[in-house]
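Residue numbers (my numbering): 63 to 482.
For each residue, glycine too, the CB sits at the ideal point set by N, CA and C.
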Ligand code: EPZ
């Protein structure tokens, strides 16, 4: 198994390019099940989750190719509707095949994704909404068996909680349903917005895009004419690299960034004393004379993203004072704390709140990655730490960060990928 070896306490400098957003690419790949022709998708990040989902779509009968961050996929020959356990367990976002498969074929069998390190990750809201659209849902031997014998019908759906992939699944299902579906309390993340825009460009009729209320006029089963797509920049990858600049108190620039998707992150960095300069599609962070503590509460977009919580916790270990981080979305998203403590951080946990006392001198250690964003927090801590850090189980990182060691090396970090 691979591990990363990082020699810390080095200033960073220079410019890197941010990749396409993993969490936008995944629903864009499954929405091709709603298209009648071959679709070309550009700026697709070369990460494990994307490769896993492409494998799943190919197992269903799709024809796909993926090179140089470009995907060409044609689902017209899809002849299976079973997303099986051995793939879904590797990548829980495979649940994004549920809505499109059911809408297109009238039935499908999708393995329950199961929980993961950060929480139980239920899909009850996905299933409840599909039932409101007329689907018959049964859970059997770890699979969701979904049937819509008389196809799906428009419904007025109010999500009890804001769910990103739940919203995406139902938007895709509603695009092919009979009649009008209204969605209330729907997710507004940029990745959901791009999915809606792509579907509209393909002939869907979705109103209210970017708000928490959508009205979707279904095509009555008629497939869409999806065409060329360019995945939006990854706001979480960008935020992670801004934190890399911040935690080493360096001046770095990111290109291919949508700064309007990073308002909450930029606001927090500014409050911590960093200077942020924004261009049309680039952002620069300048070192701060004094890193200030910060209070963070994770909420749905456009609030502070839960996917940036771990990275900011690492950063707060260097702030001059006490920071309080409140994780409101997931019940177990503090797996990085114990590893940060091993590097010398001073963090106290109580229920869903972490109190970070800073500044603390971090020292290199052997640490274990547990989930995607926790792993990136350990990389950030290692960049600031004195001495050498080895981060094990970095397959977690490879799920969502394209060429992380290459990008950090370009900024002057001393980082190597080695094998155990
Ligand atoms: C998406 O996960 C992202 N993944 C996650 O990013 C992200 O952390 C999360 O949204 C929140 O922003 C992808 O887009 C592929 P949710 P998702 O459904 O859709 C509860 C990363 O690091 N809930 O919005 O699975 C749920 O338990 C990943 O890139 C239900 O109760 O998250 C959670 O408390 C990690 N029932 C809250 O809603 C449901 O049916 C938000 O979950 C669905 C969700």
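query, result
"Taking Cβ positions, are residue 204 and residue 174 nearer each other than 8 Å?", "yes"
"Note down the Cα distance separating residue 376 from residue 141, rounded to an integer number of angstroms.", "47 Å"
"If we call anything under 8 Å between Cβ atoms a contact, is residue 460 one with residue 110?", "yes"
"If you count every other CB in all the chains shown that lies within 10 Å of the CB of residue 296, and 16 or more means buried, which is it?", "buried"
"For residue 329, count the other beta carbons within 10 Å of its own beta carbon; 16 or more makes it buried, fewer makes it exposed. Which is it?", "exposed"
"What I want to know is whether the C-beta of residue 253 ends up closer than 7 Å to one or more non-hydrogen atoms of ligand 1.", "yes"
"Looking at residue 99 and residue 287, is the spacing between their C-beta atoms short of 8 Å?", "yes"
"From the DSSP output, in three-state form, read off residue 153 for me.", "coil"
"What is the rounded straight-line gap between the Cα of residue 381 and the Cα of residue 421?", "5 Å"
"What residue ranges within the stretch 310-355 form continuous beta strand (DSSP E) runs of no fewer than 3 residues, ordered along the chain?", "313-317, 337-340, 344-348"
"Could you check if residue 436 belongs to the surroundings of ligand 1, using beta carbon to heavy atom distance under 7 Å?", "no"
"Just to check, is the beta-carbon of residue 404 closer than 7 Å to a non-hydrogen atom of ligand 1?", "no"
"Provide the residue(s) that pair with residue 295 in DSSP beta bridges, ordered along the chain.", "82"
"According to DSSP, simplified to helix, strand and coil, what is residue 414?", "coil"
"Please report the straight-line C-alpha distance between residue 218 and residue 197, rounded to a whole angstrom.", "14 Å"
"Should residue 226 be listed as close to ligand 1, given that the test is whether its C-beta is under 7 Å from any heavy atom?", "yes"
"CA-CA distance, residue 74 and residue 307?", "7 Å"
"Can you tell me where the alpha helix (DSSP H) holding residue 457 begins and where it ends?", "457-460"
"Between the alpha carbons of residue 136 and residue 126, how many angstroms are there, rounded?", "6 Å"
"In this structure, does DSSP put residue 145 in helix, strand or coil?", "strand"
"Report the partner residues of residue 169 according to the DSSP bridge assignment.", "209"
"Determine the extent of the alpha helix (DSSP H) in which residue 132 is found, giving its start and end residues.", "Careful: residue 132 lies outside any alpha helix (DSSP H), inside the beta strand (DSSP E) at 132-136."
"In whole angstroms, what separates the C-alpha of residue 209 from that of residue 324?", "39 Å"
"How many angstroms separate the CA atom of residue 254 from the CA atom of residue 247?", "13 Å"
"Going by DSSP, name the residue or residues bridged to residue 430.", "454"
"Assess, as a yes-or-no matter, whether the stretch 397-410 is touched by the stretch 259-266 under the definition of 3 or more beta carbon pairs within less than 8 Å.", "no"
"Using only the alpha-carbon positions, how far apart do residue 101 and residue 194 sit?", "30 Å"
"Judging by CA-CA distance, which residue of 457, 449, 440 is the nearest neighbour of residue 378?", "440"
"What is the rounded straight-line gap between the Cα of residue 352 and the Cα of residue 181?", "35 Å"
"Count the other CB atoms within 10 Å of the CB of residue 357; is the residue buried (16 or more) or exposed (fewer)?", "exposed"
"Who does residue 420 pair with in a DSSP beta bridge?", "383"
"Flag this pair as yes or no: are the beta carbons of residue 155 and residue 115 separated by less than 8 Å?", "yes"
"Please classify residue 480: is it buried, with 16 or more other beta-carbons within 10 angstroms of its beta-carbon, or exposed?", "exposed"
"In the DSSP assignment, find the unbroken beta strand (DSSP E) run with residue 244 in it and report its ends.", "242-246"
"Counting along the chain, where does the alpha helix (DSSP H) carrying residue 404 start and finish?", "397-404"
"Between the C-alpha atoms of residue 223 and residue 476, what's the straight-line distance to the nearest angstrom?", "43 Å"
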